[in-house]
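Each residue of the sequence shown is one higher than the last, beginning at 64 in my numbering. We put the beta carbon where it would ideally sit given N, CA and C, even for glycine. Worksheet for the structure shown next.
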Amino acid sequence: MTGSSQSYSMVSTSEQPNRILTSEANPAPRPAHIVVFCDRPGPFDPLLNWLAEKGAKITHFPLRRLPLDWFDSFAGNHDVALVDADFLGDEGAMIDFGIRLRRFAPAMPVIMASRRVMASDFSTERMAICDVTLRMPVTRGDLLEAMSAAIENHSYWIEKRGDGRLRITDAPPPAA
Numbered sequence: 064m065t066g067s068s069q070s071y072s073m074v075s076t077s078e079q080p081n082r083i084l085t086s087e088a089n090p091a092p093r094p095a096h097i098v099v100f101c102d103r104p105g106p107f108d109p110l111l112n113w114l115a116e117k118g119a120k121i122t123h124f125p126l127r128r129l130p131l132d133w134f135d136s137f138a139g140n141h142d143v144a145l146v147d148a149d150f151l152g153d154e155g156a157m158i159d160f161g162i163r164l165r166r167f168a169p170a171m172p173v174i175m176a177s178r179r180v181m182a183s184d185f186s187t188e189r190m191a192i193c194d195v196t197l198r199m200p201v202t203r204g205d206l207l208e209a210m211s212a213a214i215e216n217h218s219y220w221i222e223k224r225g226d227g228r229l230r231i232t233d234a235p236p237p238a239a
């Protein structure tokens, strides 16, 4: 076997945002777009630098409460959201932020990280506010695993989101 090296890039597998992120030897044409809600400098800095080196486009928003016009202008441009839940404040602020992201940017997978959680959670237990929860500090391997799980969990959340819920178009007309 001859020696060879491969270069890996963080890329999206399609030209459309909010699609599956992969690490491939033959990258697709568009880099992954990641929106990060955290303080800078902060605990995500080494990971964000590494992701940028791998070709990801990082957008940083140091806001604890997003104005609605942010969703109209920017949410559709990102493949995944990475949130420092400790930056947001207490647990109530974290839940409110997650619900707001879910409501106004439903196509965007959400990864939340905190020192306050007992362990990382890659299940769908917290799908009302996020797709994956990570315990800080977060390693590169943790983040890559979280991105993969977040995309899978997010697909499940999208599927379940409409199940059993009355849609406006299905609703009976109002009583006269």
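Quick one: measure Cβ to Cβ for residue i and residue j, integer angstroms, because I've assumed they're closer than 8 Å.
i: Met171; j: Ala148; result: Rounded, the Cβ-Cβ distance is 16 Å, inconsistent with contact.
i: Asn216; j: Met175; result: 12 Å between Cβ atoms; not a contact.
i: Leu131; j: Phe100; result: Contact flag wrong, Cβ pair sits at about 16 Å.
i: Ile192; j: Gly161; result: 3 Å
Which partner residues does residue i have in the DSSP bridge list?
i: Leu145; result: Val99, Ile174
i: Arg268; result: Nothing about residue 268 can be read from this structure; the chain reaches only from 64 to 239.
i: Thr122; result: Val98
Could you name the residues of the same chain whose beta carbon sits closer than 6 Å to that of residue i, not counting the 5 residues immediately before and after it, in chain order?
i: Gln79; result: Because Gln79 sits at a pLDDT of 45, beneath the cut-off of 50, its placement in the model cannot be relied upon, and the point is left open.
i: Val98; result: Thr122, His141, Ala144
Based on Cα-Cα distance, which residue from the options lies nearest to residue i?
i: Arg93; options: Arg166, Ser186, Asp142; result: Asp142
i: Phe124; options: Gly118, Glu116, Trp133, Lys117; result: Trp133
i: Ala95; options: Leu151, Asp159, Ala119; result: Ala119
i: Asp108; options: Arg203, Ser211, Asp184; result: Arg203
Leaving out the 5 sequence neighbours to the left and right, which residues in its chain are closer than 7 Å to residue i when beta-carbon positions are compared?
i: Pro106; result: Asp147, Met199, Pro200
i: Tyr219; result: Thr187
Beta carbon of residue i: closer than 8 Å to some heavy atom of the ligand SAM?
i: Pro172; result: For the ligand SAM, the structure offers nothing, since it holds no ligand at all.
Does the region 191-202 touch the region 162-180, meaning 3 or more C-beta pairs lie closer than 8 Å?
-> yes
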